[in-house]
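Protein chains in written order, with the working numbering: chain F, 12 to 293; chain B, 139 to 459. Here a beta-carbon is modelled for each residue, glycine too, at the ideal position from N, C-alpha and C.
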Amino acid sequence: MILGRSESRHQATTLIGRLFATTSGKVGAIVTLIVLLVAIFADVLAPYDPLSPIGPSLSPPTREHLMGTDALGRDLLSGVIHGARTSMVIALSVGAVAMVIGVLVGGISGYAGGRLDDILMRFTEIVQVLPRFFLAILAVAFFGPGLLTLILVLGLTSWVILARVIRAEVLSLRAREFVDSALTQGARGSRVLFREILPNAIPVGIIYLALLLAFIILIEASLGFLGLGDPNAISWGFLAGQAQQFLRVAWWLSVFPGLAITATVLGLNLLGDGLTDALGRR
Amino acid sequence: MNAGYVARRLLQLLPSIAGIVLVAFLLLQMAPGDPILALAGESGDAEYYAFMREKFGLDDSMPEQLARFASNAIRGDLGVSYTQGRPALTIIGERLGATLLLAGSALVISTIVGVLAGVIAARYAGGVRDAAITTVTLSLYAAPVFWIGQLALLFFALRLGWFPTNGMTSPSPPDTAFGQFLDLLHHLALPALVLASQQVASVSRLTRIGLVEELSTDHVRTARAKGLRESTVVWRHALRRALGPVFTVIGARIGYLFSGAVVVEIVFGWPGIGRLMLSAVQTRDGPILLGIFLLVSTAVVVANLITDLAYGTVDPRIRYR
C-alpha cells in the first residue's frame with residue numbers, strides 16, 4: 012500500500028483537520044508553532060543583543076524592557092527569545108537521534124522477531140533503567156559541557172519509548188494483507204520493512220516524539236539551571252539559574268524564563284494528546 | 139507469589155546492573171585524555187594519581203581494567219575523593235539521608251495528593267472539578283521543578299515568610315529533640331511539596347483512569363444496588379482495585395524523584411547528594427560522581443523489582459508463575 016502523492020497529501024490535510032478539531036490539539040499545535048517561529052526568527056524578533064549590557068541594572072519590567080533586565084543590564088526578553096532557539100535546537104536534535112535509533116531498533120525487532128527481538132528488547136530494558144539526568148551530569152563532568160555532548164548523551168538514552176511503540180506497530184502491521192502481498196510479489200524483507208511497514212508505523216512514533224521533546228526540554232532546562240548546559244548559548248534553564256541569587260530583589264529574572272519553559276512543554280504535551288486523538292489511538 | 143518467581147526476577151537484575159557498570163566504565167574510558175583525569179580530576183598530586191592508577195589498574199589491558207572496575211564498583215569501593223581525601227562512598231553516605239528524606243516525603247505526599255485528586259476527578263468525571271484538576275496537574279507536570287521551587291520561595295518564603303529559604307536546620311536549633319524535629323519539618327515542607335508537585339499529575343491520571351473503569355463494572359453496580367453509600371462504594375470497593383497501576387509506577391517514579399531532588403536541593407540549599415554532585419562536577423571529583431551514578435541507577439533497578447513483587451500482594455487478582 013504505497014500511497015499516491017495526492018492521496019498522502021489528502022491524508023495529511025485530514026490529519027491536521029482532526030488535530031485542530033480537538034481543543035488540546037489546537038492549543039498545542041499553535042503554541043508549538045509560535046515557539047518554533049520565535050526560535051527561527053530570534054535574531055529579528057529580539058529587541059536587543061541578549062549579551063550586551065544596554066539598560067539599567069536589575070530593572071523591573073518597563074516599556075523599554077518588557078521582561079526587565081539582569082544584574083549586568085542585559086535585556087531579559089531578548090534572552091528569553093534566544094533561549095527558544097537553544098531549547099528547540101537541542102530538543103529537535105535529540106529527537107532526531109532518538110527517532111533514528113528507535114525506528115531502527117523497533118522496526119528490526121518487530122519485523123525479525125525471534126532471537127534478535129529478544130536480544131534487542133533486553134538491551135532496551137537495560138537502557139531504559141539508566142537514569143538519563145545523572146548520566147548527562149556525568150557526561151558533562153567527564154567530557155566538558157557542550158552542545159554535542161548534550162545531544163549525544165540525551166539522544167542515546169531517549170529512544171526506548173519510541174522503539175517500543177514502533178515495535179508494537181510493526182508487529183501489528185506485519186500481519187496485514189498489504190505486507191503479505193508485497194512479500195508474495197517477491198519484495199525483499201528489508202525493502203518491505205523500510206518501504207511498506209515503517210512509513211505506516213512512524214505516525215504513531217510522532218505522538219511519542221512530541222511527548223519526548225517536551226521531556227527533553229525539561230531535562231535540558233534542569234541541566235542549564237545547574238550551569239551544565241551549552242556554555243556558548245543562552246538557555247531558559249541558564250537564565251533561571253542566574254536568577255537564583257537575585258531572587259530576593261528581582262522576581263522577573265525567574266518568572267519569565269520559567270514561564271517560557273512551562274508554556275513550551277505544555278504546548279508539546281497538548282500536541283501529543285491532540286495527535287493521539289487525531290490518529291484515533293486512545 | 140512463589141520463591142521461583144522471586145529468584146527469576148532477581149536474576150533479571152544482573153543484566154541491568156552489568157549494563158550500568160559497563161556504561162560508567164565506558165564513560166571513563168571515552169573521556170578525553172588519560173582516564174586518570176576523568177577519575178581523579180586535573181589538579182591531583184602525583185601520589186594520588188599513582189594510588190588511583192593502581193586501584194583501577196589503569197596500566198593493565200582493557201579487559202583487566204573492566205574486571206577491576208566492576209569488582210571495585212560492586213563492592214562500593216570507588217577510591218578516595220580527591221577534594222576530601224576520604225572514601226567516596228563514606229562521603230555519599232553522609233549526604234544520602236537528607237536526599238532520601240526529601241525524596242521519600244515527596245513520594246508519600248505526591249501519592250496521597252495524587253490519589254485524592256484522581257478520586258475527585260473520577261467521581262465528577264467530565265465536570266468542572268475534573269477539568270480543574272486536570273488543568274492544574276498538567277501545568278505542574280509541564281513546569282520545570284526548579285521554577286516551581288523558585289516561585290514557592292518567592293511567595294511562601296520571601297513574601298509571606300511562612301517558611302525558611304535555605305537549608306535543613308535553623309542556624310540556632312531548638313534545645314529539645316521535639317523542637318528540632320519541628321524545625322526539620324519546617325525546613326522540609328516547602329522543598330518536599332515542590333518535588334511532589336511534579337508527580338501529582340501521573341498519579342492522579344492513573345487513579346482517575348482506573349477508577350472510572352472500575353465504577354462501571356458489575357461488582358460496583360451490585361454494591362450500589364445493595365444501597366451502599368457512594369463514598370463507601372468508591373473508597374472501599376472500587377479504589378482498591380483501581381490502585382494497581384499507581385503502585386506499579388512507583389518504581390519508575392523513584393528515578394524522576396532523584397533527578398528532581400538534585401535540582402530542588404540546589405534551589406533550597408538542601409544538603410543532600412545533589413549539592414554534593416554539583417560540587418563534584420566543578421572539581422571533577424570522579425569517585426564521587428561515579429558513586430552517585432551507580433547508587434542511583436541501582437536504586438532505580440531495585441525499586442522497580444520491589445514494586446513489581448509488591449504489586450502481587452496488593453492486588454489478589456495477580457498470580458505469578
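Using the Cβ count rule (16 or more neighbours within 10 Å means buried), how would you classify residue i?
i: Asn280/F; result: buried
i: Met168/B; result: exposed
i: Thr345/B; result: buried
i: Trp247/F; result: buried
i: Ile212/B; result: exposed
i: Gly179/B; result: buried
i: Ser233/F; result: buried
i: His357/B; result: exposed
i: Arg233/B; result: buried
i: Arg199/F; result: exposed
i: Ala32/F; result: exposed
i: Ile250/B; result: exposed
i: Met12/F; result: Note on Met12/F: pLDDT 41, under 50, position unreliable in the model; no value is reported.
i: Asp423/B; result: buried
i: Ser154/B; result: buried
i: Ala141/B; result: exposed
i: Gly125/F; result: exposed
i: Val260/F; result: exposed
i: Val246/B; result: exposed
i: Ser209/B; result: exposed
i: Gly317/B; result: exposed
Looking only at DSSP bridge pairs, what is residue i linked to?
i: Thr80/F; result: Asp86/F
i: Val218/B; result: Pro225/B
Counting only C-beta atoms, is residue i closer than 9 Å to chain B at any point?
i: Asn280/F; result: yes
i: Leu258/F; result: yes
i: Thr273/F; result: yes
i: Ile137/F; result: yes
i: Phe153/F; result: yes
i: Phe52/F; result: no
i: Ala251/F; result: yes
i: Trp170/F; result: no
i: Phe205/F; result: no
i: Val108/F; result: no
i: Arg364/F; result: Past the edges of chain F, shown from 12 to 293, lies residue 364/F, and the structure says nothing about it.
i: Phe189/F; result: no
i: Gly125/F; result: no
i: Leu14/F; result: Because the pLDDT of Leu14/F is 47, which lies under 50, any placement of that residue in the model is unreliable, and the question is left without a value.
i: Val276/F; result: yes
i: Val91/F; result: no
Is the Cβ of residue i closer than 9 Å to any Cβ of chain F?
i: Pro129/B; result: Any property of residue 129/B remains undetermined from this structure, which presents chain B solely from 139 to 459.
i: Gly523/B; result: No answer is possible for residue 523/B: it lies beyond the span of chain B, which begins at 139 and ends at 459.
i: Met200/B; result: no
i: Gln288/B; result: yes
i: Val434/B; result: yes
i: Trp285/B; result: yes
i: Ser340/B; result: no
i: Gly214/B; result: no
i: Ala315/B; result: no
i: Asn210/B; result: no
i: Phe431/B; result: yes
i: Tyr220/B; result: no
i: Tyr279/B; result: yes
i: Ile229/B; result: no
i: His294/B; result: Reading the sequence as shown, one finds Phe at residue 294/B and not His. No, Phe294/B lies away from the interface with chain F (no Cβ there is under 9 Å from its Cβ).
i: Met190/B; result: no
Contact defined as beta carbons within less than 8 Å: I believe residue i pairs with residue j. What is the distance between those atoms, to the nearest angstrom?
i: Phe145/F; j: Phe207/B; result: 18 Å between Cβ atoms; not a contact.
i: Ser340/B; j: Ala255/B; result: Not quite, the Cβ-Cβ distance comes to about 11 Å (not below 8 Å), so this is no contact.
i: Ala2/F; j: Ser68/F; result: What the structure shows of chain F is the stretch from 12 to 293, and residue 2/F is not part of that stretch, so it cannot be assessed.
i: Ala301/F; j: Phe284/B; result: For chain F, the structure presents residues 12 to 293; residue 301/F sits outside this window and is missing.
i: Ile137/F; j: Leu127/F; result: In fact, because the Cβ distance is near 16 Å, the residues do not count as touching under 8 Å.
i: Phe29/F; j: Ser63/F; result: According to the sequence as given, residue 29/F is Arg; it is not Phe. Not a contact, Cβ separation roughly 46 Å.
i: Leu278/B; j: Gln336/B; result: 6 Å
i: Tyr122/F; j: Arg185/F; result: 6 Å
i: Ala330/B; j: Gly389/B; result: Not really, about 20 Å apart at Cβ, beyond 8 Å.
Does chain A have any CB closer than 9 Å to the CB of residue i?
i: Gly157/B; result: The structure shown contains no chain A; its protein chains are F and B.
Check: Any chance the region 378-385 of chain B sits against the region 415-433 of chain B, with 3 or more Cβ pairs inside 8 Å?
Finding: Pairwise C-beta distances place the region 378-385 of chain B out of contact with the region 415-433 of chain B, as fewer than three of them are shorter than 8 Å.
Check: Does the region 224-232 of chain F come within contact of the region 180-191 of chain F, defined as at least 3 CB pairs closer than 8 Å?
Finding: The region 224-232 of chain F, when compared against the region 180-191 of chain F, does not touch it at the 8 Å Cβ threshold.
Notebook entry, point to check: Are the region 269-284 of chain F and the region 269-287 of chain B touching by the rule of at least three beta carbon pairs closer than 8 Å?
Noted result: At 8 Å Cβ cutoff, the stretches touch.
Check: Quick check: the region 305-319 of chain B against the region 396-412 of chain B, are there 3 or more CB pairs under 8 Å?
Finding: Yes: at least three Cβ pairs fall under 8 Å.
Check: Between the region 108-123 of chain F and the region 169-176 of chain F, do at least 3 Cβ pairs fall closer than 8 Å?
Finding: Judged by Cβ distances under 8 Å, the region 108-123 of chain F makes contact with the region 169-176 of chain F, as three or more pairs qualify.
Next item on the list: Decide if the region 34-49 of chain F is in contact with the region 281-292 of chain F; the criterion is three or more beta carbon pairs, one per stretch, under 8 Å apart.
Entry: Touching, yes.
Notebook entry, point to check: How about the region 254-272 of chain B and the region 347-365 of chain B: do they share at least three Cβ pairs that are nearer than 8 Å?
Noted result: Contact between the region 254-272 of chain B and the region 347-365 of chain B is present: three or more C-beta pairs spanning the two stretches fall below 8 Å.
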